[in-house]
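Take a look at the structure set out below.
Have a look at this one:
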């Protein structure tokens with residue numbers, strides 16, 4: 001027996017929004033079609049298999065752009081193109097570390113993105129241990145002379161990923177704080193929650209006017225080991241050898257494809273994920289999934305044959321991992337038509353189901369968001385904050401410049417088990433959860449683009 | 001309220017076994033004491049932290065022997081000693097592999113134990129893919145000339161670990177089969193079930209009169225990737241570079257400690273685990289756990305102050321991973337008093353709970369096994385086969401030479417997720433499950449040693 005669900009209220013015309021009953025019904029039908037299966041899995045399978053790792057600025061990232069242009073063109077999107085920009089490239093090199101005393105054994109480490117190399121023969125030094133970034137900051141100037149700073153933290157899993165932002169400061173800023181105290185290098189407990197023997201990489205930054213010292217992350221089991229050993233009271237001596245390199249200026253780019261709007265083609269609704277990944281995994285959950293979810297959603301709208309009033313612009317961002325550079329380049333390239341960027345969101349928090357929607361839009365825009373909410377609730381999406389919202393990292397610069405934002409929040413409880421590790425591979429993705437994400441994105445994309453509201457608050 | 005369980009039957013004297021009601025009651029009390037908490041965790045914590053990886057024949061394995069002698073002496077055991085033997089040592093060296101075509105990307109591999117090195121500049125060759133060892137065997141002679149054999153398999157988790165023996169043949173014998181067909185090297189899907197990016201190592205052997213070719217394992221996600229790529233139909237080209245070395249003759253040894261029996265000190269009940277481990281993890285579940293469980297059980301019996309009629313001999317075996325060499329050396333050293341080796345068992349299947357007991361003993365011995373079974377049922381141990389039994393790998397040679405065997409079978413469902421990988425670390429062990437194992441070993445050890453039965457079948 002086929003159970004046909006009744007839906008109430010939405011059949012009414014919504015004159016304030018431009019959304020007709022037929023338009024809302026179209027979104028609902030696309031949603032249900034997506035829940036029954038999409039091409040998202042095929043897309044992420046292709047990207048992670050045929051390209052694999054695609055570090056920002058690398059030849060592999062360039063191959064990923066070519067892959068995207070080829071596929072998006074074949075899919076029939078409008079105006080498929082690359083918007084190029086330049087970045088400073090970095091490459092990992094070899095990396096090796098060991099405990100030398102009191103209990104000699106190898107350590108599983110990885111260089112943080114952007115780290116300088118150790119001297120060729122490595123660094124041998126005693127560890128100075130700190131339980132967190134605040135303890136490191138409190139160390140006396142000069143107190144770390146001749147030592148390697150080891151800094152722990154207590155990041156735990158959180159559904160919304162908010163503990164990453166909080167604890168991630170250590171990865172981003174720790175090296176320069178340690179250098180100010182005289183340290184030769186810094187080794188941190190990975191900013192991540194994997195209980196496996198993987199060190200989590202991720203971008204770090206050097207402050208100006210401070211010595212640039214090598215910065216590495218230890219896997220959580222290795223960090224546990226160091227802390228157990230240190231508690232026994234003897235000095236802990238470590239060897240660290242890493243050879244990352246800066247490669248100078250290279251090309252990156254955002255790949256763009258569109259469904260041109262039927263009434264207001266110059267007005268643009270932005271969706272997308274980022275095409276680059278870290279170099280050790282194949283970038284499946286970060287962010288092959290986001291590329292796949294948003295591409296599949298756009299393709300589904302395209303294939304349904306009705307064009308929305310406004311343009312849907314799919315942006316597959318470049319060089320996200322190394323400083324949100326694709327988002328910044330887009331802002332620079334589009335400063336002149338910023339007011340035509342109507343609303344945007346990015347899928348970049350893994351491949352688990354969307355469980356919440358947040359938004360920050362005008363009162364007028366909120367009417368459309370309310371309709372989205374009604375269509376999303378049946379696929380498990382709750383309403384979250386309607387007065388603040390993320391929008392995905394690549395839109396940060398645009399949102400700061402005034403772009404209205406909405407976020408389809410994925411369940412990130414397990415995201416940091418895989419994030420920025422060699423373990424971020426295709427087998428970790430559940431195709432059914434991926435389809436639910438596509439369903440959420442078709443609802444958002446269609447309704448935002450087929451509406452006439454101004455999402456911008458005055 | 002304290003709930004005191006009634007127990008039936010066991011209070012009767014068992015004149016045929018030598019076990020008095022007081023003796024059986026002693027075993028029960030020790031069991032309950034163990035369930036309330038043991039020192040097993042502290043032992044495995046110490047071994048994995050203070051020694052870490054301890055490859056057979058390495059300086060680290062020697063440190064582990066010194067650690068064991070020091071601790072067992074301090075615990076008050078009798079006749080703590082090392083029985084040394086010689087082995088051929090092997091060391092891993094560097095290892096690196098990549099897919100070159102059609103989709104260039106790095107591969108996560110590791111050398112199988114005993115593998116020869118590649119030429120210094122590595123091997124670049126096309127893969128010849130096989131779905132399993134039978135398909136490899138069926139390849140025509142000479143058909144793999146100039147190629148690297150890639151061999152998959154479909155090993156899945158199993159509670160009793162029996163699929164490891166079945167599928168493990170590929171790891172042990174694959175290289176020589178591939179060499180017979182002319183292959184330059186062999187790469188296999190890891191014999192293991194980790195879904196993470198770890199290649200499982202483990203010992204392999206070369207057949208005589210066949211070329212010795214390098215043998216590597218790929219992590220399961222990497223094996224999936226290769227198979228996905230191969231299904232696309234283009235030739236798959238791979239680069240493999242490994243530099244393991246044979247180091248010649250070095251020392252290993254079994255560490256032995258005893259609780260001397262009060263009536264028949266020359267009669268010996270053997271328990272233990274193996275002290276060596278693979279070189280990448282810290283050997284927590286394989287086999288720090290077995291060392292800890294059996295040492296804690298023996299120490300608990302020692303501390304209770306009553307000596308059993310027979311001697312309990314704790315053997316911490318050396319060089320298990322590279323060919324059960326400790327067990328073979330023990331057999332050679334004890335050929336003259338084999339008949340005094342009454343019964344034995346080894347803990348070497350991880351750190352999960354004991355769920356089953358199997359045995360292969362005389363009818364007379366079965367009476368004691370029945371009593372063990374009655375005492376073990378309340379801690380979750382079911383009766384398994386009573387006409388065949390394993391006993392742990394290090395006892396294989398002794399059992400073949402006639403030693404009666406019993407096995408306290410651990411739940412191995414997740415064992416091969418960690419087995420022989422860098423991920424075999426302390427954090428994977430549940431202390432509560434460890435204590436239940438100790439409880440099972442005190443029951444076995446005390447009752448076997450305090451009985452007078454002959455476990456040997458005629």
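Residue numbers (the working numbering), protein chains in the order written: chain A, 1 to 458; chain B, 1 to 458. Where is the CB? At the ideal position from N, CA and C, for every residue including glycine. Computed from a predicted model, the values in this text were never measured in an experiment.
Review point. What is the DSSP secondary structure of residue 162/B, counted as helix, strand or coil?
Key: Within the second chain, the letter at position 162 stands for residue 162/B. Here residue 162/B sits in helix by DSSP.
Check your understanding: So what does DSSP say about residue 11/B, is it helix, strand or coil?
Key -> One-based indexing of the second chain puts residue 11/B at position 11. Caution applies to residue 11/B, whose pLDDT of 44 falls short of 50 and renders its modelled position unreliable; the model cannot decide the point.
Point to revise | For residue 69/B, three-class secondary structure by DSSP | key: In the second chain, residue 69/B corresponds to position 69, counting from 1. The answer is helix: DSSP assigns residue 69/B an H, G or I state.
Review point. Between the beta-carbon of residue 431/A and the beta-carbon of residue 282/A, is there less than 8 Å?
Key: Residue mapping note: residue 431/A aligns to position 431 of the first chain, counting from 1. Residue mapping note: residue 282/A aligns to position 282 of the first chain, counting from 1. No.
Check your understanding: In this structure, does DSSP put residue 220/B in helix, strand or coil?
Key -> Here residue 220/B corresponds to residue number 220 of the second chain, with the count starting at 1. It is helical.
Check your understanding: Whose CA, out of 74/A, 449/A, 39/A, 35/A, lies closest to the CA of residue 265/A?
Key -> On the first chain, position 265 is the one that residue 265/A refers to. That would be 449/A, whose Cα lies nearest to the Cα of residue 265/A.
Check your understanding: Which of the three DSSP states, helix, strand or coil, is assigned to residue 454/A?
Key -> Taking the first residue of the first chain as position 1, residue 454/A is located at position 454. Residue state, collapsed to three classes: coil.
Review point. Since residue 404/A contacts residue 436/A with CB under 8 Å, what's their CB separation in whole angstroms?
Key: Numbered from its first residue, the first chain carries residue 404/A at position 404. Numbered from its first residue, the first chain carries residue 436/A at position 436. Actually they are not in contact, since the Cβ atoms of residue 404/A and residue 436/A sit about 24 Å apart, beyond 8 Å.
Check your understanding: Within this structure, are the beta carbons of residue 188/B and residue 148/B separated by less than 8 Å?
Key -> What you label residue 188/B is simply residue 188 of the second chain in a count that begins at 1. What you label residue 148/B is simply residue 148 of the second chain in a count that begins at 1. Result no, Cβ atoms of residue 188/B and residue 148/B do not sit closer than 8 Å.
Review point. Do the segment 82 to 90 of chain A and the segment 246 to 255 of chain A touch if we need at least three Cβ pairs shorter than 8 Å?
Key: Yes, they touch.
**Study point:** Contact set between the segment 96 to 113 of chain B and chain A, restricted to residues whose Cβ is under 9 Å from the partner
**Key:** 99, 102, 103, 104, 105, 106, 108
Practice item. Note down, in chain order, every chain A residue with its Cβ under 7 Å from the Cβ of residue 422/B. Key: For the purposes of this step, residue 422/B is taken as residue 422 along the second chain, with counting starting at 1. The answer, in chain order, is 108, 197.
Practice item. Measure the C-alpha to C-alpha separation of residue 184/A and residue 61/B and round it to an integer number of angstroms. Key: On the first chain, position 184 is the one that residue 184/A refers to. On the second chain, position 61 is the one that residue 61/B refers to. One Cα belongs to residue 184/A, the other to residue 61/B, and the distance between them is close to 33 Å.
**Study point:** Contact list for the segment 218 to 240 of chain B against chain A, Cβ threshold 9 Å
**Key:** 219, 220, 221, 222, 224, 225, 228, 229, 232
Exercise for review: Within its chain, find whatever has a CB closer than 7 Å to the CB of residue 103/B; leave out the 5 residues flanking it on each side and keep chain order.
Suggested key: The residue given as residue 103/B occupies position 103 in the second chain. Closer than 7 Å at the Cβ level, and outside the excluded window around residue 103/B, lie 229.
Check your understanding: How would you call residue 20/B, buried or exposed, if buried means at least 16 neighbouring beta carbons within 10 angstroms?
Key -> Numbered from its first residue, the second chain carries residue 20/B at position 20. With fewer than 16 other Cβ atoms within 10 Å, it is exposed.
Check your understanding: What is the DSSP secondary structure of residue 372/A, reduced to helix, strand or coil?
Key -> Translated into positions along the first chain, residue 372/A becomes position 372. DSSP places residue 372/A in the helix class (H, G or I) of the three-state scheme.
Review point. What residues in the segment 41 to 60 of chain A bring their beta carbon closer than 9 Å to a beta carbon of chain B?
Key: 45, 48, 49, 50, 51, 52, 53, 59, 60
Exercise for review: Out of 217/B, 365/B, 374/B, point me to the one whose CA is closest to residue 356/B's CA.
Suggested key: The count along the second chain starts at 1 and reaches residue 356/B at position 356. Nearest option by C-alpha distance: 374/B.
Review point. So, are the CB atoms of residue 285/B and residue 429/B less than 8 Å apart?
Key: Mapped onto the second chain, residue 285/B falls at position 285. Mapped onto the second chain, residue 429/B falls at position 429. The answer is yes: Cβ separation under 8 Å.
Review point. Along the chain, where does the beta strand (DSSP E) that runs through residue 238/A open and close?
Key: Counted from its first residue, the first chain places residue 238/A at position 238. Looking at the DSSP string, the run of the beta strand (DSSP E) that includes residue 238/A is 237 to 242.
Review point. When the Cα atoms are used, what is the spatial distance from residue 66/B to residue 202/B?
Key: Along the second chain, one-based indexing puts residue 66/B at 66. Along the second chain, one-based indexing puts residue 202/B at 202. So the alpha carbons of these two residues sit roughly 25 Å apart.
Check your understanding: By Cβ distance below 7 Å, which residues in the same chain neighbour residue 3/A in space, the five residues on each side in sequence not counted?
Key -> One-based indexing of the first chain puts residue 3/A at position 3. Low per-residue confidence applies at residue 3/A: pLDDT is 47, beneath 50, and the placement is therefore not dependable enough to give any value.
Point to revise | CA-to-CA distance, residue 296/B to residue 256/B, given in whole angstroms | key: Here residue 256/B is taken as the residue at index 256 of the second chain, counted from 1. Here residue 296/B is taken as the residue at index 296 of the second chain, counted from 1. Taking the straight line from one Cα to the other gives about 14 Å.
**Study point:** Cβ of residue 358/B within 8 Å of any chain A Cβ
**Key:** If you number the second chain from 1, residue 358/B lands on position 358. For residue 358/B, the answer is no, since every Cβ of chain A falls outside 8 Å of its Cβ.
Review point. When DSSP builds the beta bridges, which residues end up paired with residue 90/B?
Key: Locating residue 90/B in the second chain gives position 90, where the first residue counts as 1. Residue 90/B is bridged to 246/B.
**Study point:** Within chain B, the residues that residue 425/A reaches when beta carbons sit closer than 7 Å
**Key:** As a working mapping, residue 425/A is identified with position 425 in the first chain. Simply 197, 221.
Check your understanding: Which residue comes first and which comes last in the beta strand (DSSP E) that contains residue 188/B?
Key -> Reading the second chain from its first residue, position 188 is the one you call residue 188/B. Here the beta strand (DSSP E) through residue 188/B covers 185 to 189.
**Study point:** residue 332/A, enclosing beta strand (DSSP E) - first and last residue
**Key:** Here residue 332/A refers to the residue found at position 332 of the first chain. In the DSSP assignment, residue 332/A falls outside any beta strand (DSSP E) and lies within the alpha helix (DSSP H) extending over 325 to 333.
**Study point:** Cutoff 6 Å; reference residue 139/B; Cβ partners in own chain excluding five residues on either side
**Key:** On the second chain, residue 139/B is found 139 positions in, with the first residue counted as 1. Excluding positions up to five away in sequence, the list reads 181.
**Study point:** For residue 130/B: DSSP bridge partner residues
**Key:** Within the second chain, numbered from 1, the residue matching residue 130/B stands at position 130. Per the DSSP secondary-structure output, residue 130/B pairs in a beta bridge with 151/B.
Review point. Is there at least one non-hydrogen atom of the ligand PLP closer than 7 Å to the beta-carbon of residue 251/B?
Key: The model depicted lacks the ligand PLP and carries no ligand whatsoever.
Point to revise | Limits of the unbroken alpha helix (DSSP H) element including residue 214/B | key: Taking the second chain and counting its residues from 1, one reaches residue 214/B at position 214. Premise fails: residue 214/B is in no alpha helix (DSSP H) and is neither H nor E.
Practice item. Over the uninterrupted alpha helix (DSSP H) stretch that includes residue 304/B, give me the two end residues. Key: Indexing the second chain from 1 puts residue 304/B at position 304. Note, residue 304/B: alpha helix (DSSP H), 289 to 304.
Practice item. Measure the C-alpha to C-alpha separation of residue 145/A and residue 179/A and round it to an integer number of angstroms. Key: Start at 1 with the first residue of the first chain, and residue 145/A comes out as number 145. Start at 1 with the first residue of the first chain, and residue 179/A comes out as number 179. Approximately 9 Å between the Cα atoms of the pair.
Practice item. Measure the C-alpha to C-alpha separation of residue 165/A and residue 348/B and round it to an integer number of angstroms. Key: For this step, residue 165/A is matched to residue 165 along the first chain. For this step, residue 348/B is matched to residue 348 along the second chain. Rounded to the nearest angstrom, the two C-alpha atoms are 42 Å apart.
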